[in-house]
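Beneath this line is the structure, given in structure tokens, with notes to follow.
Residue numbers (UniProt numbering): 1 to 258.
Below you can see the structure in the form of structure tokens.
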């Protein structure tokens, strides 16, 4: 026996707490509609017949102009997913992606999806990339080493295989250090919140009194938040010094190899 129900059947679970975080403020579509169609199989064969029909809906029907908003009528094709992923990689906003897509298809009504669907797809794609982005960056750095054998990088992973420290310097950076490395500053002003890591730079001043970069690094932000847990044992100076010493030896190893 099979049964088809209205999409508005059942009641909203307003009394149940959200599984994680706060409950989203989305519209409630379920209103306890009892409309349904029941099918039954004839004598264990592949033939089905209609058994019971209930067309008594307790809500207004969706107008033809809004049918495209129903979840069952919304989907993103494989080709469109490749397009949206490519646009997202070059930081094109989802609103601009949707505007371009609708313009190519002759209007929003021909898209087959909503801007929210594109936004969710891009979000899921970024989550998938985040799971193996360490392998991607290692692959990219290996390609750079093949193109220029003076390119140098070094990384450290934790016990779970997550990126802990990463340092890289190309031939131009190392050559600039040989020329203008009399005074080196390890600048950790710039931070990235997505990966909870700090971006640090070995930098100095060239003969034009302009800042020049000798090397770049990512380091785990937990080094800095650790002092919030043990403020009497460590200071920010100790943590910065520890990170600087680690990357300085890595940096000097890159310079001496050239």
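Glycine included, each C-beta is placed from N, C-alpha and C at the ideal position. It should be emphasised that the depicted structure is a prediction, and the values quoted were computed from it without experimental measurement.
Starting from residue i and walking both ways along the beta strand (DSSP E), at which residues does that stretch end?
i	result
residue 180	First-last for residue 180: 171 to 180, but that is the alpha helix (DSSP H), not the beta strand (DSSP E).
residue 37	36 to 41
residue 157	152 to 157
What is the rounded straight-line gap between the Cα of residue i and the Cα of residue j?
i	j	result
residue 231	residue 6	Only weak support is given to the placement of residue 231: the predicted model assigns it a pLDDT of 45, under 50, and the value that follows is read from those uncertain coordinates. If I take the Cα positions, the gap works out to 59 Å.
residue 1	residue 49	10 Å
residue 89	residue 123	12 Å
residue 153	residue 119	34 Å
residue 94	residue 35	37 Å
residue 178	residue 172	10 Å
residue 73	residue 98	17 Å
residue 149	residue 135	20 Å
residue 69	residue 107	14 Å
residue 57	residue 86	44 Å
residue 186	residue 174	15 Å
residue 65	residue 53	27 Å
residue 3	residue 67	22 Å
residue 47	residue 92	51 Å
residue 126	residue 211	33 Å
Pull up the CB-CB distance for residue i and residue j, whole angstroms please, since I reckon it's below 8 Å.
i	j	result
residue 170	residue 151	5 Å
residue 201	residue 213	5 Å
residue 30	residue 45	With a Cβ gap of about 35 Å, residue 30 and residue 45 do not count as contacting.
residue 76	residue 113	5 Å
Please list the terminal residues of the continuous alpha helix (DSSP H) segment that includes residue i.
i	result
residue 202	No alpha helix (DSSP H) holds residue 202; the beta strand (DSSP E) holding it covers 197 to 205.
residue 52	No alpha helix (DSSP H) contains residue 52, which is instead part of the beta strand (DSSP E) from 48 to 54.
residue 188	Element bounds for residue 188: n/a, residue is neither H nor E.
Run the proximity test for residue i: is its beta-carbon closer than 7 Å to any non-hydrogen atom belonging to the ligand FMN?
i	result
residue 162	Within the structure as shown, the ligand FMN is missing, as the structure has no ligands at all.
Does the distance from the CB of residue i to the CB of residue j come in under 8 Å?
i	j	result
residue 180	residue 190	no
residue 217	residue 141	no
residue 59	residue 115	no
residue 164	residue 156	yes
Can you find a C-beta in chain B that's less than 8 Å from the C-beta of residue i?
i	result
residue 209	Included in the structure is just one protein chain, with no chain B present.
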